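Following: one structure in structure tokens, then a few remarks.
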Amino acid sequence: MITTTLADTVEETLGDPFDATNPHGFHALVDTAEGRRPFDATPWHLPDGDPESVLHALRALHRRSPALAPAPPAGAPAATVVGASVGALDSALRITLRHLRSRHLYGAPASDLPALRTLLAGAYADLLLCDTLATLAVRGTEPLPDRPGALAHAAEALAPRALQGAMDRLSVVMGSRFYIREGAHSSFQRLLYETQRALFGADRPVLDPEPVPLAALLAAPAVVESADPILLAAAPGLALTGSSRRVPQPGGAVQERLYEELVARYEAGTTFDHTRRPLPDRP
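Residue numbers (full-length UniProt numbering): 1 to 283.
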């Protein structure tokens, strides 16, 4: 059972991050970082809860700012940090999609361009993959009885690379907007930097993803029950375990399905992860 009550409380308390008048929104956070308003040192405390509830509450905070989110509670699985960072990718995807839908090229929204749709679909597939790995690891799930710890290792070794890779590709899609120093667009740059520090900071071990039996993990019943293996298999982040520097993007019917589902969740105002939590954001 997915428990999101704590995360819903966080979302309701902090409000729409895209609202320019929200003191907890992107505009306020950027103004604080740029020294245009005083820094509010009030910490964002989380009530106690089970590990999965805490994961999703942290994810709600990371949607706004990984740097301002509190550290995971003592005893939390290491995959909690990775799972929380899915929230930052959620916001990065949301900001990018907003930007492409409002920008017109050749008389049509930029989001209509097939190449850009493919990149968005790939980032969404990476988000689903990382969400699945991290959430099951936080639950303590062991999909492969003969390989204990394999899923936790995948969450801690592969997922950070997949998350960062997706955000890097989205930053390219943002183009010059990536460098704007105010408003929601500037939050993309901050989210990218803070996520990188959260995932690869000096206190975070960098694990080798090579030993992870990914094919077996994605076919395991526990994983299949949590996510569609066809969508997970399309994640560009899976290629990061090999020696090739080329990151293949999803194509064909899978790409179309990913993009349509991404847009449907965006327009419905829900998170892009498997919880589909309702958000206070307004498109």
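Glycine included, each C-beta is placed from N, C-alpha and C at the ideal position. Since the structure is predicted, the reported quantities are computational estimates derived from the model, not experimental observations.
Please list the segments of the alpha helix (DSSP H) lying wholly inside the stretch 214-271, counting only runs of 4 or more residues, in order along the chain. 214-219, 221-226, 229-233 and 252-268
Decide if Y124 is buried, meaning its Cβ has at least 16 other Cβ atoms within 10 Å, or exposed. buried
Buried or exposed, going by whether 16 or more other CB atoms sit within 10 Å of the CB of E267? exposed
In three-state terms, what does DSSP make of L192? helix
Does DSSP put L158 in a helix, in a strand, or in coil? coil
Are H24 and L14 closer than 9 Å when you measure CB to CB? yes
On the CB-based measure, 16 or more other CB atoms within 10 Å of its CB, does Y259 come out buried or exposed? buried
With a 10 Å radius around its C-beta and 16 neighbouring C-beta atoms as the bar for buried, classify L55 as buried or exposed. buried
Taking the beta carbon of S243 as the centre, do at least 16 other beta carbons fall within 10 Å, making it buried, or is it exposed? Bear in mind that a pLDDT of 49 at S243, under 50, signals an unreliable position, so the number given afterwards is only what the model happens to contain. Exposed: under 16 other Cβ atoms inside 10 Å.
With 16 other CB atoms within 10 Å as the buried threshold, where does S102 fall? exposed
Relative to the C-alpha of L151, which residue among A227, L218, H62 and D90 is closest? L218
Between the C-alpha atoms of R147 and D112, what's the straight-line distance to the nearest angstrom? 44 Å
Through-space distance from V10 to A60, alpha-carbon basis: 7 Å
Checking 9 Å against the spacing of the C-beta atoms, do R282 and D48 come in under that value? no
Since A134 and V212 should fall inside the 8 Å C-beta cutoff, what is the C-beta to C-beta distance between them, to a whole number of angstroms? The pair is not a contact, with the Cβ atoms about 14 Å apart (cut-off 8 Å).
Taking C-alpha atoms, which residue in P51, A239, A264 and L46 lies nearest to A162? A239
Opening and closing residue of the alpha helix (DSSP H) in which T275 lies: Per DSSP, T275 belongs to no alpha helix (DSSP H) and is neither H nor E.
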